[in-house]
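Line order of the protein sequences matches chains A and B.
Add 1 to a position in the first sequence, counting from 1, and you land on the number used in this note's numbering.
Add 67 to a position in the second sequence, counting from 1, and you land on the number used in this note's numbering.
To keep things clear, I will list the structure first and then write my remarks on it.
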Amino acid sequence: MQELQHLKGVTWMSGNNGEKKTYYRLVPCPSYDVEGIESWLEDMAEEGLFLTSDGFFFGFGFFHKGEPKKVKYRLQAKSSHGSFVSDGYEPLKEEMELSRELGWEFVVSHGEFFIYRSIEENVRELNSEPEVQAITLKEVKKRQLSSITTCLIWFILYPLVKKNGAFFVPMLYMKTWFYFFTAGLAFWFVFGSVWKFVYYTKLYKKLKRGEQLNREKNWKRKAWLQPAKTILLIVLCCAWGGIVLANIHRTVLFEDEIPLENYFGNPPFATMADIAPGSSYELRDMGYCNTVVEWSDVLAPVNYIWEEIAEVWISEDRSVYGLWDINYHELRWPWMAKLVAKDYMRMDKERDFEIIGELDLGIEYAMAYIDDIHMEKVVLVHGNKVLSGTFHEYAGEQENYFTLEEWAQMMADSIK
Amino acid sequence: MPKKSMELLTETMFYVLMAFCKDAMCGIDVAEFIEKRTGGRILIGPATLYTILGKFEKEKYITEIEVEGRKRTYEITEKGRTAYKEEVERLKQCVEDARAAAFERGDLDEWK
Chain A
2 MQELQHLKGV TWMSGNNGEK KTYYRLVPCP SYDVEGIESW LEDMAEEGLF
52 LTSDGFFFGF GFFHKGEPKK VKYRLQAKSS HGSFVSDGYE PLKEEMELSR
102 ELGWEFVVSH GEFFIYRSIE ENVRELNSEP EVQAITLKEV KKRQLSSITT
152 CLIWFILYPL VKKNGAFFVP MLYMKTWFYF FTAGLAFWFV FGSVWKFVYY
202 TKLYKKLKRG EQLNREKNWK RKAWLQPAKT ILLIVLCCAW GGIVLANIHR
252 TVLFEDEIPL ENYFGNPPFA TMADIAPGSS YELRDMGYCN TVVEWSDVLA
302 PVNYIWEEIA EVWISEDRSV YGLWDINYHE LRWPWMAKLV AKDYMRMDKE
352 RDFEIIGELD LGIEYAMAYI DDIHMEKVVL VHGNKVLSGT FHEYAGEQEN
402 YFTLEEWAQM MADSIK
Chain B
68 MPKKSMELLT ETMFYVLMAF CKDAMCGIDV AEFIEKRTGG RILIGPATLY
118 TILGKFEKEK YITEIEVEGR KRTYEITEKG RTAYKEEVER LKQCVEDARA
168 AAFERGDLDE WK
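The structure is reproduced here in structure tokens:
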């Protein structure tokens, strides 16, 4: 970044070591408020504070202190006409040189704008024709529209598409309050982008009409609002980031998973031990599975993820050995249960997905299908309870002991 | 029939084309030419000038012929020259229409 040229005619105040001391001020206007920023910077100069080449960072402006002076500040939209393509950090050298010859000094890049200033009282305006200034602002509008589209795609469309449109199950797994916290932040960014676009459009129309910008805009009227929004956003993003890191940490260390051998709870659904009550039962250590995760949520007070690989001896010479996998939820309202059930099917709808059909198991809803990894699966709903389950028998060359209908019936009976 | 967008030259754009019709120039020379030609009435701002130069280059009204350090020199193209001449004719017609309207009103003093 270009070194800031010494502002001519300004007596600087230095610190003890002779260097210019930096002062920090909260920016009272959003970065897109061209009129507000220009007015504010000019008022700062009249108090002896002059923007440095470090510009802005996290809602703070960096200033050096000097003798108060009348200084003009102007924001010039970044453009990319013809061969004039700057790197985004500073204008082309030729443009800076011409600006300097005509009394304007480039200070710093700020968002979609380059900030210039002049201490000459009778300097010609940086933009002498509003209609021409509108041309560069039109480019800024286009870029902002592109930014809105990107926000919509990454914050809203992509999460939905990734889960095949499923909404409730991801929400329960993330915890409803955190899901809405994340959604709230996403909407903040999307709404902010839209608002910026609306503001740029108003400014563009003003310039197209040939009107000059208002360099004496009263930025003090809502000077508290922007810093408050900035501080709030920083706090919320840090909190969000902290929660995500804590969750990642817990997931990597499997802190939420309880080994079944150490679990003495009473799950409200059938497990492999219930296949043949009283029979010999043994968990099989495969190096994975055999865990339970249990949690409560504001919209679903009871939630389980149960993954069990075990062997049950049905008779002396016959055992049943396989994977018993259950996702179970008790929703606050019955109408949510059917939506959650449909979400599970949506999430499994990848290639090779195939509906087997509805099963008559004596409960409100029972659907069987082949999921994306070729396993038979059922989704069961009864009242406010939802169970998504699979039983995959490792029968080898023998036929499976239980048919789909038989093990699905066991699961269904347990949630009646 | 309404004009298309680039055919609507603003006053400053018109004078920039005028400068290039005189000779190939770089940015600062264009600014000085306009100030001199208009007697200081039009002081083109650097940002305005660069926006116009970029727009004209995109529309192929001018073309870059030399780059020397931080100086880029441009010359007008046939398309640019045609656009300038069309604008001159349009402005001449405007003046003629104004003269005729003043004659109809019997108000010829302003044309003396």
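Where a beta carbon is used, it is the ideal one built from N, C-alpha and C, also for glycine.
What residue range does the alpha helix (DSSP H) around residue 36 of chain A cover?
What you label residue 36 of chain A is simply residue 35 of the first sequence in a count that begins at 1. Counting along the chain, the alpha helix (DSSP H) containing residue 36 of chain A begins and ends at 35–47.
If residue 91 of chain B and residue 140 of chain B are in contact, beta carbons under 8 angstroms, what's the gap, nearest whole angstrom?
Position 24 of the second sequence, counting from 1, holds the residue named residue 91 of chain B. Position 73 of the second sequence, counting from 1, holds the residue named residue 140 of chain B. At roughly 6 angstroms, the Cβ-Cβ gap stays under 8 angstroms, so residue 91 of chain B and residue 140 of chain B are in contact.
Delimiting residues of the alpha helix (DSSP H) encompassing residue 149 of chain A
As a first step, residue 149 of chain A is located in the first sequence; it is residue number 148 there, counting from the start. From DSSP, the alpha helix (DSSP H) with residue 149 of chain A extends over 131–153.
Any C-beta of chain B under 8 angstroms from that of residue 21 of chain A:
In the first sequence, residue 21 of chain A corresponds to position 20, counting from 1. No, because no Cβ of chain B sits closer than 8 angstroms to the Cβ of residue 21 of chain A.
If distances are taken between C-alpha atoms only, which option among A/394, A/258 and A/272 comes closest to residue 289 of chain A?
Within the first sequence, residue 289 of chain A is the residue found at index 288, counting from 1. Nearest of A/394, A/258 and A/272 to residue 289 of chain A, Cα basis: A/258.
Name the residue from A/394, A/365, A/375 and A/344 whose alpha carbon lies nearest to the alpha carbon of residue 357 of chain A.
For the purposes of this step, residue 357 of chain A is taken as residue 356 along the first sequence, with counting starting at 1. The candidate whose alpha carbon is nearest that of residue 357 of chain A is A/375.
Tell me which same chain residues have a C-beta within less than 7 angstroms of the C-beta of residue 334 of chain A, skipping the five on either side of it?
Against the first sequence, residue 334 of chain A aligns to sequence position 333. Only 385 meet the Cβ criterion.
I'd like to know if residue 143 of chain B contacts chain A, where contact means its C-beta is closer than 8 angstroms to some C-beta of that chain.
The sequence position of residue 143 of chain B within the second sequence is 76, counting from 1. No, because no Cβ of chain A sits closer than 8 angstroms to the Cβ of residue 143 of chain B.
3-residue-minimum beta strand (DSSP E) runs that sit fully inside the region 355–390 of chain A, ordered along the chain
355–359, 366–371 and 377–383
Who are the neighbours of residue 127 of chain A on chain D, taking C-beta pairs under 9 angstroms?
The question asks about chain D, but that chain is absent: this structure's protein chains are A and B.
Buried versus exposed call for residue 29 of chain A [16 or more other C-beta atoms within 10 Å across all chains shown]:
Sequence index remark: in the first sequence, residue 29 of chain A carries index 28 (1-based). Residue 29 of chain A comes out buried.
Assuming residue 347 of chain A contacts residue 167 of chain A under a Cβ cut-off of 8 angstroms, what Cβ separation, rounded to an integer in Å, is found between them?
To locate residue 347 of chain A, count along the first sequence from 1; it is residue 346. To locate residue 167 of chain A, count along the first sequence from 1; it is residue 166. Right, their Cβ atoms sit about 5 angstroms apart.
Do you know offhand how far residue 76 of chain B's Cα is from residue 132 of chain B's?
Translated into the one-based positions of the second sequence, residue 76 of chain B becomes position 9. Translated into the one-based positions of the second sequence, residue 132 of chain B becomes position 65. Whole-angstrom Cα-Cα distance: 23 angstroms.
To which residues does DSSP link residue 92 of chain B through a beta bridge?
Counting from 1 along the second sequence, the entry for residue 92 of chain B is found at position 25. B/141.
Using only the alpha-carbon positions, how far apart do residue 76 of chain A and residue 137 of chain B sit?
As a position in the first sequence, residue 76 of chain A is number 75, starting the count at 1. As a position in the second sequence, residue 137 of chain B is number 70, starting the count at 1. Rounded to the nearest angstrom, the two C-alpha atoms are 22 angstroms apart.
Using DSSP with H/G/I as helix, E/B as strand and the rest coil, what is residue 55 of chain A?
Locating residue 55 of chain A in the first sequence gives position 54, where the first residue counts as 1. It is a strand residue.
Does the pairing of the region 143–161 of chain A with the region 189–204 of chain A give three or more beta-carbon distances under 8 angstroms?
yes
Just how far apart, CA to CA, sit residue 169 of chain A and residue 314 of chain A?
On the first sequence, residue 169 of chain A is found 168 positions in, with the first residue counted as 1. On the first sequence, residue 314 of chain A is found 313 positions in, with the first residue counted as 1. If you take the alpha carbons of residue 169 of chain A and residue 314 of chain A, they lie about 38 angstroms apart.
Looking only at DSSP bridge pairs, what is residue 78 of chain A linked to?
In the first sequence, residue 78 of chain A corresponds to position 77, counting from 1. Paired residues: A/114.
At a cut of 8 angstroms, does the region 291–308 of chain A reach the region 236–244 of chain A through at least three beta carbon pairs?
no
Give the single residue among A/397, A/400 and A/327 whose Cα lies nearest to the Cα of residue 381 of chain A.
On the first sequence, position 380 is the one that residue 381 of chain A refers to. Taking only the C-alpha atoms, the option nearest residue 381 of chain A is A/327.
Enumerate in chain order the residues of its own chain whose CB-to-CB distance from residue 218 of chain A is below 7 angstroms, with the five nearest sequence positions on each side excluded.
As a working mapping, residue 218 of chain A is identified with position 217 in the first sequence. Once the five neighbours on either side are set aside, the close Cβ partners of residue 218 of chain A are 36, 37 and 40.
Does residue 197 of chain A come out as helix, strand or coil in the three-state DSSP assignment?
Translated into the one-based positions of the first sequence, residue 197 of chain A becomes position 196. Three-state DSSP puts residue 197 of chain A in a helix.
Does the region 198–214 of chain A come within contact of the region 151–158 of chain A, defined as at least 3 CB pairs closer than 8 angstroms?
no
Excluding sequence positions up to five away, which residues of its chain have a Cβ less than 6 angstroms from the Cβ of residue 281 of chain A?
Taking the first sequence and counting its residues from 1, the one referred to as residue 281 of chain A is at position 280. Answer for residue 281 of chain A: 314, listed in chain order.
Are three or more beta carbon pairs between the region 121–138 of chain A and the region 111–126 of chain B nearer than 8 angstroms?
yes
Check whether the region 107–125 of chain A touches the region 60–79 of chain A, counting contact only when three or more Cβ pairs, one atom from each stretch, lie closer than 8 angstroms.
yes
Whole runs of the alpha helix (DSSP H) within the region 195–254 of chain A, excluding any shorter than 4 residues:
226–253
Rounded straight-line distance, which links the Cα of residue 406 of chain A to that of residue 355 of chain A
As a working mapping, residue 355 of chain A is identified with position 354 in the first sequence. As a working mapping, residue 406 of chain A is identified with position 405 in the first sequence. Approximately 16 angstroms, taken between the alpha carbons.
Taking only the alpha-carbon atoms, compute the straight-line gap between residue 402 of chain A and residue 233 of chain A and give it to the nearest angstrom.
The residue given as residue 402 of chain A occupies position 401 in the first sequence. The residue given as residue 233 of chain A occupies position 232 in the first sequence. Straight-line Cα distance between these residues: approximately 59 angstroms.
Would you tell me roughly how many angstroms separate the C-alpha atoms of residue 409 of chain A and residue 379 of chain A, rounded to the nearest one?
By 1-based counting over the first sequence, the position of residue 409 of chain A is 408. By 1-based counting over the first sequence, the position of residue 379 of chain A is 378. The alpha-carbon atoms of residue 409 of chain A and residue 379 of chain A are separated by roughly 7 angstroms.
Please list, in chain order, the chain A residues whose beta carbon lies closer than 9 angstroms to that of residue 95 of chain B.
Start at 1 with the first residue of the second sequence, and residue 95 of chain B comes out as number 28. Per Cβ cutoff of 9 angstroms: 98, 99, 102 and 103.
Measure the alpha-carbon distance for residue 83 of chain A versus residue 123 of chain B and round it to whole angstroms.
By one-based count along the first sequence, residue 83 of chain A stands at place 82. By one-based count along the second sequence, residue 123 of chain B stands at place 56. Note that residue 83 of chain A has pLDDT 44, beneath the 50 cutoff, so the model's placement of it is unreliable and no number is given.
At the 8 angstroms Cβ level, is residue 138 of chain B part of the contact set with chain A, yes or no?
Here residue 138 of chain B corresponds to residue number 71 of the second sequence, with the count starting at 1. So, interface residue.
Can you tell me whether DSSP reads residue 118 of chain B as helix, strand or coil?
As a working note, residue 118 of chain B is residue 51 in the second sequence. Of the three classes helix, strand and coil, the one that applies to residue 118 of chain B here is helix, per DSSP.
Is it true that the CB of residue 395 of chain A sits closer than 8 angstroms to the CB of residue 323 of chain A?
As a position in the first sequence, residue 323 of chain A is number 322, starting the count at 1. As a position in the first sequence, residue 395 of chain A is number 394, starting the count at 1. Yes. Within cutoff.
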